[in-house]
Every structure is written in structure tokens, then in C-alpha cells.
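To start, the structure under review is shown below, and the notes come after it.
2 protein chains.
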Amino acid sequence: MYTLEELFKKVQSLFENEEFVSEPKRLYEPIAYTLSLGGKRIRPTLLLAATDLFGGDIEDAAHAAIGVETFHNFTLLHDDLMDKSPIRRGKPTVYRKWDENTAILSGDAMNILAWRYFLKKPHVNLLEILRTFEKTSMEICEGQQYDMDFETRDDVSIEEYMQMIRLKTAVLLASALKIGALYANAPSEDIENLYNFGIAIGLAFQLRDDLLDAYGDVATFGKETGTDIKDNKKTILYLTALEKGDTEQRQKLRRLFSETPNNPTGKIQEVLNIYASLDIKSSIEKTISEMHATAEQSLLTIKRPETNKTALRQIAAKLLDRKV
Amino acid sequence: MYTLEELFKKVQSLFENEEFVSEPKRLYEPIAYTLSLGGKRIRPTLLLAATDLFGGDIEDAAHAAIGVETFHNFTLLHDDLMDKSPIRRGKPTVYRKWDENTAILSGDAMNILAWRYFLKKPHVNLLEILRTFEKTSMEICEGQQYDMDFETRDDVSIEEYMQMIRLKTAVLLASALKIGALYANAPSEDIENLYNFGIAIGLAFQLRDDLLDAYGDVATFGKETGTDIKDNKKTILYLTALEKGDTEQRQKLRRLFSETPNNPTGKIQEVLNIYASLDIKSSIEKTISEMHATAEQSLLTIKRPETNKTALRQIAAKLLDRKV
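Taken in order, these protein sequences are the chains called A and B. Residue numbers for the first sequence, in our numbering: 1083 to 1406. Residue numbers for the second sequence, in our numbering: 1083 to 1406.
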């Protein structure tokens, strides 16, 4: 068994040893650039941790770990273009550093590159692994589309929001775990429980993200807070406030979320005041804790020694209790 | 054995019987729209013809035929966005009918959808089929990047141009044939010859396209001619003229291809005059004929009864002698 730290190091070395640049340079350099920006590498680490949990050889799954991270970074590259986000991980995004067409085409190539990694080695479960990856890839596109659709709708329910973040965020964490387990020939019942563990931590991870945007400590969080409020983004905080608020509060929130003042400080404060009066922060913290408990329940059901589950427990804790 | 007409009908019915729309509509409707615009459906027809040539069951390869056409249409969708082309097959392109973000995301989903079709059924050669598809997909992105790179270069050689159109156009025709043959468990030597047949007709197909843009009969061709000259696109005609022309002609051509007059009629005529004085049209016609002969040579080498090769010979003739 590997410790979480060893798994992180393994993932790190996988990316350091890979050469992403080839000809034509203008196609491959943005791919290498995007993958060099780092990030937490959560998905490949989850994948290898799952292989390890079921006694598989993480070397068998290493190329799939690169594949899943490459796909994830492709979605970030195209999302940044669609959202016109100038900065990712403190550096200019691809469409800003190069241009829009470069971002479109190198993103497309990156999507295909993910498949190349998945096809590197045969495996008895390869067809199921590839089908899992394909289904998940498509679900992520669906999640992104729902997210874009929600921007122009003012009747989004909490249930719809949870379904959107399930597609956009949770399924890739869950599938990374499932794919890792398939490389270790894990029993299908255990795989299902592991997948459910991934969905629960994925949902809670996104709710934590929504909370941090409003309540993160700027120094620790490393980025501006209140941007979701400024951008009128209907996160779980807003939707919960709409549900819990009285008519007056709902009207005020709806009005505030239709405005884009040049200086958003006052608007952010007004929204935070409504959230505070409705106890939104602790309400979402409670949901995150419940989901964490659901995830733990799924993990407990998996028929492997509890000591082998340490790395996964640690990742879950890292993701859900994080300050950044 | 199926006749070419039967194969075309089969491909037609495959697309008619497929339901491409799902939720969220905004993601899937542009996919269904793009695939409903028709086109010649050359690639899926080649794929099924190859399966049939080697005595395979075309039903085994039908989903891959849909996959290869779906991928091709995904590249058109994103190319139209990158080129800002307003019209495709007489209808508004996706980015014009919807918007740029819709074109990015539904294109991404279409790329993934192609994989879904390839993964529908297991096959003893599936890993090789998928690797062929992946390699080809990436080569097409490389070809598109070279095409974009060439726009800002004035030292593109004929050799580089041929390599670019090999990647951008020929490899997908060749791979469709190879994949079809793999579904019929064809011998690897025959597959290689069939692939080479596909490359030769693919290259000649693109040269025919370049010729038609300058010399197509507007009524038959159904679109404006001279657009490549108007847009300063360095096609095989331009590059051959640069090679064959004297210093004065070269200078004049270079100058004309750096201008974008509001009314391009005079410019187009001047370029066509240079082409005429250098016999460019018959020079390219000759190259097309030579490539057609090379393709025929590869086809002859394939160890199958000559009568079984009729459909492939007919497609080649259709593609290379076409007026549209």
C-alpha cells in the first residue's frame, strides 16, 4: 500500500516524465503549458489510490491517470475560453496567452490526447474502462451546458443545481475511482460503492468551493472573494437563501443578482448580510458534513481492510475541510 | 457484395434511424442539426465498402461508420467557427445559428459522441481500431494547425502543402477504409494497401477541390469560384505557379496574394491569367491522374477478386472526376 504522499509524488513524477510538445508546436505547446500549471492533481491521485486499494499494480493504471488529468485540463481550457477567464492558477489562460482559435484547436487535441493515454495498454477490463471514460466525458459536457443554461434562468431549483454539479464536477472524481478499481479487477459491488463515495465527495467539494468564494480568507484562499456574487452566479448559497428567505428577502436577492455595479463592494455586502440573517453558511456546512458522512458510509461498505482506506479518507478530508 | 448505391442507402438509413437529440437540448440540437445537413457521407461509405470487400458483415461496422462521420462533422463544426464561415451546405453554420460557446461545447460533445459509437460493440480488433481512430483524429488536428500556420507564412513548399492535406484530409479517408477492413479481419498487408489507396484518393480529392474553386462551373459547382484567390489561400495552384513562374510572375503573384481589394474580380482575373500562362490547370489535372493511377495500383495489389472492388473504384472515380 502507498501512502497518500507517495501517491501524490507518483502522479507528480508521471507528469514530469511525460513529453507533451511535438510538431506542430502551436498545437502542442498550449497543451504542455496547461499541464505544467499543476493544480492539485486530485483525479489521477484518486485513480491510483483506487487501484492500490484493491491490490492492483499502480503502474498498470498510470497512463489512465495521465489520461483523466489531461481530459480534466482540456475541459478547463475550453471552459476558460467560454467564460472568457483571463487567469488560471495565477497564469494567463491559453486563449489569452495565444488566441481563441489556438484554444479551440489545442483543446480538441487535448481531448483526443486523453484517449491516447487510455489506449496505451491493453487490459481485460479495457472496454468497460473506456465506456466509463466516454460516458463521464459526455456527462461533463452536459453539466457545462446546464451551467450555461442556468445563467439565463431565474427558476433554477436546488435539485437542478445539485444535478448540474454532479455532472460537471462529481462524476469525474467518481469515475477516476471506478477506473482505478477496474484496473485492479475489483468486484462490481465494491466499485459501485467506491463510485458513490466519489459522487458524495465530489458534490461536497463543489459546495465547499461555493462557500469559499463567499467566506474564504483572502490571504489563505489566494484569490478574490465574492466573485460569484459580483458575477450573479446562482450558487448553492444563493439558491438556499432564495428557499429560506421571506418574500422581501427573495425580492431583494433577485434584484441584487440582476445588477452589475462598477464597484460591487456594497452589493456583495448586502448579499452577505442576507446570507448571514438566514444562516446560510452553517446550513451549507451542515450539508457538506452530511455528504462527507454519506461518503464515509460508502467507503465503510467496501470489503477491504480499513487500514487500506487511509489514503482515500485523507483525500476526502483534504477536499472537504480545505481553506483553499 | 453490395453495390455502391446500396452502400450509400445503408449509410443514409443509419443516420435516419439514429436519434441525436437528448437533454440538455442546447448541447445536442446543434449536433443533430450538423448531422442532418447531409453531405456526401464518403467516409462511412468507404468504411462499409472496405468491410464488404473482405467478406465482413457491414452490420458489425455500422456503428463505427456513424462514428467516423460524426467525428468528421465535429471537425467541420469547429473549423467553421475558427474560419468564421457563415454557411455550410447552404445552411447557417452552428456558431452563426446559435453562438460561439454553443459551437465550442457541442463540438466537444460531438468529438466524444464519435467515441461512443466506436465503443458500442466489442470486436477482436477493437483496440487496433480505436488506436487507428485516435491517431487519425490527432493527425487531423495537426493538419488543421499546419493549415492555420501556413496563412502567415510565405515560404510554404509544395511538399509541406501535400503533407498538410495528407493530415487534414487524406488520413481520414484512408483510416475509414482501414477500420472497415479491420472489422472484416482483413490481412495486414491488404489493409496497408487499402490505406495507401485511401491516402492517394484523399490527396487527389483535395487537389480536385483546389481546382474546382478556381475552375468549377458556378452553376454546377453550386458556389462562388475564386474564393481561395480572394482569401489569399495558398493552394496547390498558387504554390505550383510560384514554382513554375519566372521572377516577375512570382513577384506579381506574391503581391496579388497580399492584397484584399473590396471588389476582387480584377485580382482573381489577374491570378487566373498567370495560372493560364503557366498551364497550371493541366499540370494539376496531370497530378490528379497520376495519383488516381497510384491508388488503382494499390487496389490491384489487394488479394480480393477484382469484381469485389467495383464499389471502391466507383467512389474513387466519383471523388476525382467530380464537377462539384
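Just so it is clear, CB atoms sit at the ideal spot from N, CA and C, and this is done for glycine as well.
Can you list the residues of chain A that residue 1228 of chain B reaches, using a CB-CB cut of under 8 Å? 1106
How far does the alpha helix (DSSP H) with residue 1217 of chain B in it extend, from its first residue to its last? 1208-1233
What's the C-alpha gap between residue 1130 of chain A and residue 1090 of chain B? 46 Å
With a cut-off of 7 Å, does the C-beta of residue 1180 of chain A fall near any C-beta of chain B? no
Let me check understanding here. Comparing Cα to Cα, which of A:1228, A:1111, A:1211, A:1103 lies closest to residue 1105 of chain B? A:1228
If I follow the unbroken alpha helix (DSSP H) through residue 1111 of chain A, where does it start and stop? 1107-1118
Count the other CB atoms, across all protein chains shown, that sit within 10 Å of the CB of residue 1226 of chain B; report buried if there are 16 or more and exposed otherwise. buried
Alpha carbon of residue 1196 of chain B to alpha carbon of residue 1254 of chain B, nearest angstrom: Here the alpha carbon of residue 1196 of chain B sits roughly 13 Å from the alpha carbon of residue 1254 of chain B.
Would you mind sorting residue 1249 of chain A into buried or exposed? The rule is 16 or more other CB atoms within 10 Å of its CB. Counting every other CB atom within 10 Å of its CB across the protein chains shown gives residue 1249 of chain A a total of 16 or more, marking it as buried.
Is the beta carbon of residue 1398 of chain A sitting closer than 7 Å to the one on residue 1377 of chain A? yes
Tell me which residue opens and which closes the alpha helix (DSSP H) that residue 1365 of chain B is part of. 1362-1383
Give me the Cα-Cα distance between residue 1221 of chain B and residue 1325 of chain A, rounded to the nearest whole angstrom. 51 Å
Can a CB atom of chain A be found closer than 7 Å to the CB of residue 1267 of chain B? no
Below 8 Å on the Cβ atoms is my contact criterion, and I expect residue 1259 of chain B with residue 1401 of chain B to pass it. Report the Cβ-Cβ distance as a whole number of Å. Actually they do not touch by this definition, with Cβ atoms about 13 Å apart.
In angstroms with no decimal places, state the Cα-to-Cα distance between residue 1257 of chain A and residue 1264 of chain A. In a straight line, the C-alpha of residue 1257 of chain A is about 10 Å away from that of residue 1264 of chain A.
Along the chain, where does the alpha helix (DSSP H) containing residue 1292 of chain B start, and where does it finish? In the DSSP assignment, residue 1292 of chain B falls within the alpha helix (DSSP H) that extends over 1270-1297.
Looking only at C-alpha atoms, which of B:1320, B:1157, B:1085 sits nearest to residue 1117 of chain B? B:1157
What residues match up with residue 1174 of chain B in a beta bridge as DSSP calls it? Residue pairing from DSSP places residue 1174 of chain B in a beta bridge opposite B:1169.
Could you please tell me which residues of the segment 1150-1161 of chain A, in chain order, have their CB closer than 7 Å to any CB of chain B? 1160
Are any of the Cβ atoms in chain A nearer than 7 Å to that of residue 1216 of chain B? Yes - at least one Cβ of chain A is within 7 Å of the one on residue 1216 of chain B.
Can you tell me the Cα-Cα spacing of residue 1492 of chain B and residue 1349 of chain B, whole angstroms? Outside the shown range of chain B (1083 to 1406) lies residue 1492 of chain B, about which nothing can therefore be said.
Starting from residue 1126 of chain A, trace the alpha helix (DSSP H) in both directions and tell me its first and last residue. 1124-1135
Neighbour-count burial assignment, residue 1261 of chain A, 16 or more Cβ in a 10 Å radius: buried
With respect to the alpha helix (DSSP H) encompassing residue 1090 of chain B, which residues constitute its N-terminal and C-terminal limits? 1086-1098
Evaluate contact between the segment 1232-1250 of chain A and the segment 1192-1211 of chain A, counting only Cβ atoms and requiring at least three cross-stretch pairs below 8 Å. no
What does the alpha-carbon distance come out to for the pair residue 1087 of chain B and residue 1320 of chain B? 37 Å
Between the C-alpha atoms of residue 1384 of chain B and residue 1126 of chain B, what's the straight-line distance to the nearest angstrom? 20 Å
Taking the alpha carbon of residue 1231 of chain B as the point to measure from, which residue in A:1107, A:1380, A:1095, A:1096 has its own alpha carbon closest? A:1107
Residue 1353 of chain B to residue 1313 of chain B, Cα distance in whole Å? 12 Å
Could you check whether the Cβ of residue 1256 of chain A sits closer than 7 Å to any Cβ belonging to chain B? Output row for residue 1256 of chain A: interface = no.
Rounded to a whole number of angstroms, what is the C-alpha to C-alpha distance between residue 1165 of chain B and residue 1140 of chain A? 43 Å
Neighbour list for residue 1191 of chain A in chain B, Cβ cutoff strictly below 7 Å: At a C-beta separation below 7 Å, residue 1191 of chain A has these neighbours in chain B: 1220, 1223.
Using the beta-carbon count (16 or more within 10 Å), is residue 1351 of chain A buried or exposed? Burial check for residue 1351 of chain A: the Cβ neighbour count within 10 Å stays below 16, so the residue is exposed.
Applying a beta-carbon distance threshold of less than 8 Å, which residues of chain B neighbour residue 1207 of chain A? Correct list: empty, because the minimum Cβ distance to chain B is about 12 Å.
What residues of chain A sit near residue 1237 of chain B, judged by a beta carbon separation below 7 Å? Those do not exist, as residue 1237 of chain B stays about 15 Å from chain A at its closest Cβ, beyond 7 Å.
Partners in chain B for residue 1164 of chain A, counting only beta-carbon separations shorter than 9 Å: 1182, 1183, 1186, 1187
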